[in-house]
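Counting in our numbering, the sequence shown runs from 2 upward without gaps.
We treat Cβ as the ideally placed atom computed from N, Cα and C, and that holds for glycine.
All values derive from a computational prediction rather than experimental measurement.
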Amino acid sequence: MLVKSLIRVLIFLTAIFMAHPLLLASEEVYSGWKTAESEHFKFIFEERDRKSVEELLSFCEDVYDRVTAYFESYPKKVVCIIHGRIDTANGYFSSFPSALHLYVTSPTEPWIGSKTENWLKILLIHELTHYIHLTYQKGVVEFLSRIFGRHLRVIDSVLMPGWMVEGIATNFETMFTKGGRGRNPFFEMIYKAFIMEGDLFTLKQAGYSSSYPPQNRIYVAGYLLINYMMERFGDDVLLRITREFARFPFLGPAYSIRKVTGETVRQIFGGMKWELEQKYLKEYSASGGKIVSPAGIGNYYLPRITDNGWYLYRSTLDKPPALVLFHPETGDEDLLVETSLTDYSSYTVAAGKQIVFATYKSKSVHPAGSILTSDLYSYDLRTKKIKRITRGAHLWQPAISKNGGKLVAVQKAGPYSRLVEVDLKTGKPKLLFSMEEANVYNPVFSPDGEKIAFVLNHKGVQDIWIIEYSRPDRAITEPDPASFPKNFNADRARPLTGPDTHGEYFPTFLDNYTILFSSDRDGSLSLYTLDISQNKITPLWSDPVAAYAGDISSESLVYASYSSMGYLLKSVSKDELPELKAVQSDAANISGISVRQNPTGSVYGYTDSQANVVPAGDLESRAYLDFPKPLYWLPVPFYFDPLFSQGLIPGAGIYSYGNSNLGKASWSMALTSRFDVFQPGIDLSIYLKPWILSLTYRISQSYLSTEQSGSYQLMAQSFSLGIPLVEKYWFNTGTAFSIHPGIQHQYLISSERDFSFPQIFGSSGMERQNRLFGFGTARFSMTKARAPKDFFPLKRAFISLYGDFPIPVFPGTEPGYRLRGTFSLSIPSPVPHHVIKPGIKISYTTPNLLGYKTITGRGIFDPEEQETTVRALGALDYLYSIALLDVPLPFGFNLQGIGGGIHFEGTAGFDPEKLNIIMDYIYTGVELIFNVGTPVGGILPLGAGVSIRFDPSFERTFNIYRDLRPYFFLSLDSFLDAGFSHSAADFRFFSAITDKGDG
């Protein structure tokens, strides 16, 4: 019977395993990881990203020389992991193990600067700066890392505020390139707005990120502070501060900064603020347009103006990101599609009939890891239905013709991008335009659908280009999403501006021959008109902060800007725009800036060639095996007890940890011994992730000594399998479904007196018990994204099923099983930001396995014996947001928000044979949860509550010491995480102890 059951389980798991290739069929082929090396770098990548690695190899050693020379710190080999399946621009430095993670996709928004010549280069500079800075090879931490493991060099970074970590990297990306955020007007407009409004964040707030604007605060504050210090105290000031900090980091970086500069950080922050005020306040005037977006904190981006209203994308503290129909006359909005767009300009409207937009779909069930793909979707304004246009096409920033018959979009091409046209029926993209080492942004159709204007950035030269869409002689081909762009139809397109050092952005056709766009040619982001027929550029409108994009309605110019409340919309009456009137009435008589005539290909350096950065085949690579390596070890000044949890017991030992570069293999081990008797406390865990599955093996040993029942040595070893069936995020909804079967063996040795570990071998005065059991869990959750002010998810469903059973392979094993199910559902309350959440827990235990109650209410109550085979709990929670905060706390912590809850619970037992329901307790309680930001980033929810219970039958009198108890949890869900449910880990392996009355 047992063998048949095991065979059924194996067949089921094998079927799931074999089914996954079908689930992955729509994704690009996965052929494993490879590695290639230079003198100081080890790149780990997939074959599909070979070209990106070739490009990185062409300049990585030069980047290494520059960054390491500044810090005078020279790591032997830097591991760099390339992620090419993520359709967003990012990168990060990981600590354990120390490595760089680079996302190949270049930015789709202008946050890195138009003068940036190469995305991968500036990304490598930024992340390598983190690596060199945070693993600095001098000082007391370096000395300790030589003893305990070199990857511990990063531990002093927890003492650094966020502005210091990101400020150095943001300045270096600007110092060592022609671009970077330090030369980007879109970056400048953020702090310019705060200075002009007198609302700059405080020094303490500069140390961490927040839901409040600016959301990239540590980058803004870091760039300003570090740049100010370098200008005042010399370019080498960071090196001197880093040296001083490394000598003894435990006093914090503020001490080091004061010792090097002679000023406190507060004084430096004040000086920086004063200089910015002198620079920008003199530019401030009331000449900006009238604000037309709703008041309050939030982001409102440039609308697509139609006769029906303004179609726009917005996100606020009160509402999740969405496409809406905005009515400027009243300030009201109609919700259309609630989703996060790929970027804030990735939507287009056609003839008031449909919206085409780009959004992400994220999935983690893939052997290469996480996949984030941007595709196009259509929203029918009449039927209110969403239709998917493309699948796995890596597209964003769509543009549709006025009549809705033609669609183009920007497509990812390695670290670059290109322009493609998309078949509205089949979703199949065809290449329209591309240029080597260039990026395309923000295409737009002319009203007659004959021309397409777009922004092209070629090696840091960014201009507006145009291509005749209707030309019959243009070539057509199907693009390869993983390939680098080649020169395609480049001779059939021409630039309308430049080439020059200015950046142009966000073109919009006012008519078939007039384009409205923004540019930084006057030092700030302002709006201009371009007359194609006259080749003239005319200044149109400037704003004290910025006018970074615009469009014309029937009565006014509507433009996008920024304030301390976020991105916003302003308008200016046409009566205040004489230049615009001149363009429309008599273009020939306008004086302005001359536009260069169509230049030859040599101006932009393109020819119809098939050249690559590195000739194909020159990159030497080999298969990469992701083995774990030891990272560090630490002394443990007590006896570690992983099974009995007895608290602190005198003893000593070590803890060590190892991990692989891709995180597919890791291990951790704690090995300690008691001082009173030689008994090791062991906890060894090994984790492997072959393909999409996860395998975990754990072996633990503990020793318990009691006066009542003697001494016990317990060894437990388990093997579990994680099978993720669904793990995706799509249209603001996260869905996860996984199953986790496993098996555990327990070996218990007992004696009436203490015994040491060597005595267990050959001793005849000890009792020995073996137990083997299986267990399994299935979990499903679906969670809707929430707004920042929604402390708790407004919409969430959670289901879990758990079971365990003894396997009768050892004498004395009693048959039976236990099952437990949990369900909860979160729904919005009529009160904004409040949640109603009912929940149910139910369990069944065969009579011979009854022990402690398998389900109890919240609260640390004394354990009680379970008398019935069926036990159930019903709960009703009312959860509410108290405050969304931005409050600095000591030691680098910060308070981001507070939430609260009230709960009512009832427990009961049921005897199926007697059909008898036994009411147990009624519980009620209150709780508070604090969202605490940590010095290393991320949010840690700290929950605490108090629960009181009553016997509804009044057979047990209320005792405040017994029936009023606290509870604690580290999540937003006390229903799931604050109750006490006994699971496989305590599956009656204490039977020998409890039989002797020790409990």
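Proximity to residue i [Cα-Cα], best of the options
| i | options | result |
| --- | --- | --- |
| leucine 252 | Ala351, Phe202, Val141 | Val141 |
| proline 368 | Pro967, Phe720, Ala979, Trp34 | Trp34 |
| glycine 271 | Thr203, Arg305, Ser294 | Thr203 |
| isoleucine 82 | Pro913, Leu103, Thr89 | Leu103 |
| valine 423 | Asp376, Ala247, Ala207 | Asp376 |
| aspartate 627 | Pro643, Gly664, Ile650, Trp634 | Gly664 |
| isoleucine 918 | Phe892, Leu240, Thr935, Leu874 | Leu874 |
| valine 54 | Gly85, Tyr529, Phe489 | Gly85 |
| aspartate 684 | Arg699, Val411, Gly893, Tyr640 | Arg699 |
| glycine 92 | Trp120, Leu802, Ile258, Gly405 | Trp120 |
| leucine 826 | Gln702, Pro416, Ala876 | Ala876 |
| glycine 415 | Leu57, Lys205, Glu232, Asp157 | Leu57 |
| glutamine 714 | His741, Glu865, Pro759 | Pro759 |
| phenylalanine 510 | Lys487, Ala548, Trp466, Glu118 | Trp466 |
| glutamate 815 | Leu313, Lys838, Leu773, Asp157 | Leu773 |
| alanine 90 | Thr343, Pro480, Thr171 | Thr343 |
N- and C-terminal bounds of the alpha helix (DSSP H) containing residue i
| i | result |
| --- | --- |
| arginine 67 | 61–72 |
| histidine 127 | 120–135 |
| phenylalanine 149 | 141–149 |
| serine 520 | From DSSP, serine 520 is part of no alpha helix (DSSP H) but of the beta strand (DSSP E) over 515–520. |
| leucine 851 | Note, leucine 851: premise wrong, no alpha helix (DSSP H); not H, not E. |
| methionine 176 | 163–176 |
Residue interval of the beta strand (DSSP E) (run including residue i)
| i | result |
| --- | --- |
| tyrosine 192 | Run containing tyrosine 192: none in the beta strand (DSSP E); it sits in the alpha helix (DSSP H), 186–197. |
| aspartate 887 | 871–889 |
| histidine 41 | Note, histidine 41: premise wrong, no beta strand (DSSP E); not H, not E. |
| glutamate 928 | 917–934 |
| serine 1005 | This structure cannot settle anything about residue 1005, because the visible part of the chain is limited to 2 through 1000. |
| threonine 509 | 505–512 |
| threonine 736 | 734–752 |
| leucine 633 | Reading off the sequence, residue 633 comes out as tyrosine, not leucine. Element bounds for tyrosine 633: 630–637. |
| valine 338 | 333–338 |
| lysine 52 | Taken as a continuous stretch (DSSP letters only), lysine 52 belongs to no beta strand (DSSP E), being part of the alpha helix (DSSP H) at 51–58. |
Buried or exposed by the 16-neighbour rule on C-beta atoms within 10 Å, applied to residue i
| i | result |
| --- | --- |
| leucine 101 | buried |
| histidine 395 | buried |
| aspartate 1019 | No information on residue 1019 is available, as it lies outside the stretch 2 to 1000 that the chain covers here. |
| tyrosine 132 | buried |
| threonine 539 | buried |
| glycine 297 | exposed |
| valine 596 | For valine 596, the pLDDT reaches just 38, beneath the cut-off of 50, and the residue's location in the model is therefore unreliable, although a value from the coordinates is still provided. With 16 or more other Cβ atoms within 10 Å, it is buried. |
| proline 508 | buried |
| arginine 389 | exposed |
| alanine 884 | exposed |
| alanine 300 | For the record, residue 300 in the displayed sequence is asparagine; it is not alanine. Buried, by the Cβ-count rule. |
| leucine 570 | buried |
| aspartate 237 | exposed |
| lysine 915 | exposed |
| lysine 280 | exposed |
| methionine 566 | buried |
| valine 584 | Note that valine 584 has pLDDT 39, beneath the 50 cutoff, so the model's placement of it is unreliable and the number below is only indicative. Valine 584 should be labelled buried. |
| lysine 283 | exposed |
| tryptophan 164 | buried |
is_contact[residue i, chain C] using C-beta, thresh 8 Å
| i | result |
| --- | --- |
| leucine 886 | Protein chains in the displayed structure number just one, and chain C is not present. |
Across the segment 69–76 and the segment 381–398, are there enough close Cβ pairs to call them in contact, namely three or more that are closer than 8 Å?
no
Restricting to runs no shorter than 4 residues, where is the alpha helix (DSSP H) found entirely within the segment 253–296?
254–262, 266–281
Quick check: the segment 890–909 against the segment 970–978, are at least 3 beta-carbon pairs closer than 8 Å?
yes
Threshold first: 3 residues or longer. Then list the beta strand (DSSP E) segments lying entirely within the segment 788–828, N to C.
797–807
Taking contact to mean 3 or more Cβ pairs, one atom from each stretch, closer than 8 Å, check whether the segment 454–464 and the segment 486–503 are in contact.
Contact between the segment 454–464 and the segment 486–503 is present, because at least three Cβ pairs lie under 8 Å.
Do the segment 753–761 and the segment 715–723 touch if we need at least three Cβ pairs shorter than 8 Å?
Counting Cβ pairs under 8 Å, fewer than three are found: no touch.
Length at least 4, wholly inside the segment 940–977: the alpha helix (DSSP H) runs in chain order
961–964
Within the chosen definition, does the segment 207–221 reach the segment 41–48 through at least 3 CB pairs nearer than 8 Å?
no
For the segment 380–434, which segments carrying the beta strand (DSSP E) assignment without a break, of at least 3 residues, lie completely within its bounds, in sequence order?
Entirely contained in the segment 380–434, the beta strand (DSSP E) runs reaching 3 residues are, in chain order, 387–389, 396–401, 408–414, 417–423, 430–434.
For the structure I just gave you, are there three or more beta carbon pairs, one from the segment 396–405 and one from the segment 344–358, closer than 8 Å?
Output reads yes: the segment 344–358 touches the segment 396–405.
Three-pair Cβ contact test at 8 Å for the segment 835–855 versus the segment 956–964
no
Between the segment 823–841 and the segment 304–314, do at least 3 Cβ pairs fall closer than 8 Å?
No: the two stretches stay apart, fewer than three of their Cβ pairs being nearer than 8 Å.
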